[in-house]
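In UniProt numbering, the protein residues as written are 1 to 335. Written below as structure tokens is the structure these notes are about.
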Amino acid sequence: MSTASLASTGKKRKVSHLVDFSDTTIVVLTVGPEKKPYNIYRELLCQHSRYFRNMFKGEFKEASEKSTNLPDTSCETIEDVMRWMHSGVLNVDTLRRARHEDEDNGTETEEGTSRNRDEKGEGKDDKDDDGDAGESDAGEGASDDEGKDDTSSNGGIEDELDVLYAAYLDIYIFADQYDVPDLRLTTLKTWQRLDVESPSREKPLGSLVKRAFASLPANSPLCKYLIRSCAYRWSTQWIHEQARFDLPYIFMIGVMAANSRSIGQTSKALLTSWCWFHEHGTKVIPDECIAEKEELMKTLNDATGKKAEATKAEPVRPQQNTTANAAIVQKRRRV
Numbered sequence: 001m002s003t004a005s006l007a008s009t010g011k012k013r014k015v016s017h018l019v020d021f022s023d024t025t026i027v028v029l030t031v032g033p034e035k036k037p038y039n040i041y042r043e044l045l046c047q048h049s050r051y052f053r054n055m056f057k058g059e060f061k062e063a064s065e066k067s068t069n070l071p072d073t074s075c076e077t078i079e080d081v082m083r084w085m086h087s088g089v090l091n092v093d094t095l096r097r098a099r100h101e102d103e104d105n106g107t108e109t110e111e112g113t114s115r116n117r118d119e120k121g122e123g124k125d126d127k128d129d130d131g132d133a134g135e136s137d138a139g140e141g142a143s144d145d146e147g148k149d150d151t152s153s154n155g156g157i158e159d160e161l162d163v164l165y166a167a168y169l170d171i172y173i174f175a176d177q178y179d180v181p182d183l184r185l186t187t188l189k190t191w192q193r194l195d196v197e198s199p200s201r202e203k204p205l206g207s208l209v210k211r212a213f214a215s216l217p218a219n220s221p222l223c224k225y226l227i228r229s230c231a232y233r234w235s236t237q238w239i240h241e242q243a244r245f246d247l248p249y250i251f252m253i254g255v256m257a258a259n260s261r262s263i264g265q266t267s268k269a270l271l272t273s274w275c276w277f278h279e280h281g282t283k284v285i286p287d288e289c290i291a292e293k294e295e296l297m298k299t300l301n302d303a304t305g306k307k308a309e310a311t312k313a314e315p316v317r318p319q320q321n322t323t324a325n326a327a328i329v330q331k332r333r334r335v
């Protein structure tokens with residue numbers, strides 16, 4: 001599965017009720033330490049979030065000012081959330097997030113630099129010699145950082161998966177903090193799908209686990225899922241490697257409690273508990289969830305079948321005639 005497809009694994013959801021676009025009131029969300037303003041239809045925001053519904057349609061000052069501050073939310077996260085609200089598809093811009101992290105670390109990848117120049121309308125000819133030298137130094141710094149990164153073990157794919165998981169965690173934390181239940185469910189199912197379709201990645205980084213349990217209630221669906229998924233794919237080596245992150249006590253206890261029943265399970269085992277952590281709002285499992293589970297199970301079965309066919313195609317080594325060998329041994333003993 002390509003990294004490009006990983007960034008848009010969310011499927012279009014069914015909207016429970018239509019947004020009343022006859023009300024064209026705009027509210028402003030001032031986001032992050034940069035205090036960047038984002039305009040959004042009040043009805044669209046309030047339809048998805050009970051928190052903002054109470055804020056902008058209640059007796060709070062934000063209702064009259066038609067604006068509020070979200071200092072703990074990043075611009076990347078709010079843009080991902082707004083795209084989801086408009087389209088129903090959870091599509092994460094991993095390239096932009098990776099570029100943003102490189103800028104925070106004082107480095108910038110060649111691809112990120114090129115994309116920035118394209119967005120600003122700048123060409124290579126516009127740069128002077130000093131600029132070229134600076135870009136070269138930054139590229140070397142990024143290369144050195146990649147060499148030191150011990151999370152990448154598959155040609156860089158692990159790095160992009162780390163960015164993707166971190167993005168989904170940010171979105172889930174936003175959905176939990178501002179009470180967007182549909183987005184919580186969509187994000188969790190996207191996370192589950194990514195786990196099933198990325199078998200090369202055994203478990204999330206310890207830093208993600210630590211941040212999830214620090215930012216969410218321990219009984220939140222995502223935290224409970226992290227416990228179960230890590231128990232399914234238990235590895236003592238992983239625990240030792242992630243010990244530097246000081247994994248939460250409640251997480252470790254949960255993993256050990258579930259470990260005795262789940263150790264050594266495969267991706268198919270994750271599908272058996274597909275809906276255990278979903279907020280369906282009803283005891284009846286929605287047809288959408290059933291269809292997604294069947295689709296993933298078919299994908300896994302097809303992959304298993306191809307692997308079995310490849311195994312059958314391997315040349316079979318001739319077996320020794322054990323009966324004849326035994327007769328020869330008996331004859332020698334008589335002699």
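Where is the CB? At the ideal position from N, CA and C, for every residue including glycine.
Among Asp80, Val89, Gly58, which residue has its Cα nearest to the Cα of Phe174? Of Asp80, Val89, Gly58, the residue nearest in Cα terms is Asp80.
Give the secondary structure of Tyr232 by DSSP, where H, G and I count as helix, E and B as strand, and everything else as coil. Reduced to three states, the DSSP call for Tyr232 is helix.
Around the C-beta of Glu65, are 16 or more other C-beta atoms found within 10 angstroms, so that it is buried, or is it exposed? By the beta-carbon neighbour count (other beta carbons within 10 angstroms, threshold 16), Glu65 is exposed.
Would you kindly report the start and end of the unbroken beta strand (DSSP E) that includes residue 343? The chain is shown only over 1 to 335; residue 343 falls outside these bounds and no answer can be derived.
The alpha helix (DSSP H) that contains Tyr51, what's its start and end? From DSSP, the alpha helix (DSSP H) with Tyr51 extends over 50 to 57.
Spatial neighbours of Thr24 within its chain, please: C-beta separation below 8 Å, excluding the five flanking residues on both sides. For Thr24, where only same-chain residues beyond five positions count, the Cβ hits under 8 Å are Tyr41.
Return the chain-ordered list of same chain residues with a C-beta closer than 6 Å to the C-beta of Asn69, the five sequence neighbours on each side being excluded. Correct list, in chain order: Thr30.
Comparing alpha-carbon positions, which option in Gln47, Asn219, Gln237, Ile250 lies nearest Leu183? Nearest option by C-alpha distance: Gln47.
Is DSSP giving Leu247 helix, strand or coil here? Reduced to three states, the DSSP call for Leu247 is coil.
Check Val27 in the structure and name its three-state DSSP category. Looking at Val27 - three-state DSSP - the assignment turns out to be strand.
Under 8 Å between C-beta atoms, does Gly58 make it to chain D? Among the chains in the structure shown there is no chain D, since it carries only a single protein chain.
Determine whether the beta carbon atoms of Ser74 and Val28 lie at a separation below 8 Å. Result no, Cβ atoms of Ser74 and Val28 do not sit closer than 8 Å.
Which of the three DSSP states, helix, strand or coil, is assigned to Pro204? Here Pro204 carries a coil assignment [DSSP, helix/strand/coil].
Among Lys189, Asp162, Phe251, which residue has its Cα nearest to the Cα of Leu296? The residue among Lys189, Asp162, Phe251 with its C-alpha nearest the C-alpha of Leu296 is Lys189.
Going by beta carbon distance, what residues of the same chain come within less than 7 Å of Glu62, once the five residues before and after it are set aside? The beta carbon of Glu62 is closer than 7 Å to those of Met55, Phe56, Thr68 in its chain, skipping five residues each way along the sequence.
Can you tell me which of the three DSSP states Lys36 falls into? The answer is strand: DSSP assigns Lys36 an E or B state.
Tyr178, DSSP secondary structure in three states: Judged by DSSP in its simplified three-state form, Tyr178 adopts coil rather than helix or strand.
DSSP state of Asp137, grouped into three classes? For Asp137, the predicted structure reports a pLDDT of 43, less than 50, and the residue's modelled location is therefore unreliable. A value from the coordinates is still provided. The three-state reading of DSSP puts Asp137 in helix, counting H, G and I together.
Which listed residue (Cys289, Ile78, Arg50, Val209) has its alpha carbon closest to that of Gln242: The option with the nearest alpha carbon to Gln242 is Val209.
Mind checking who Ile41 pairs with in its DSSP beta bridge? Note that residue 41 is Tyr in the sequence shown here, rather than Ile. Looking at the DSSP output, Tyr41 bridges to Ile26.
Mind checking Asp162: buried by the 16 CB within 10 Å criterion, or exposed? So Asp162 ends up on the buried side.
Going by alpha carbons, who is nearest to Asp72 out of Leu205, Lys36, Ala218? Of the candidates Leu205, Lys36, Ala218, the one whose C-alpha sits nearest the C-alpha of Asp72 is Lys36.
Give me the Cα-Cα distance between Ala138 and Arg211, rounded to the nearest whole angstrom. At Ala138 the pLDDT is 40, less than 50, meaning the model places this residue with poor confidence; the figure from the coordinates comes in the next sentence. The C-alpha of Ala138 lies about 29 Å from the C-alpha of Arg211.
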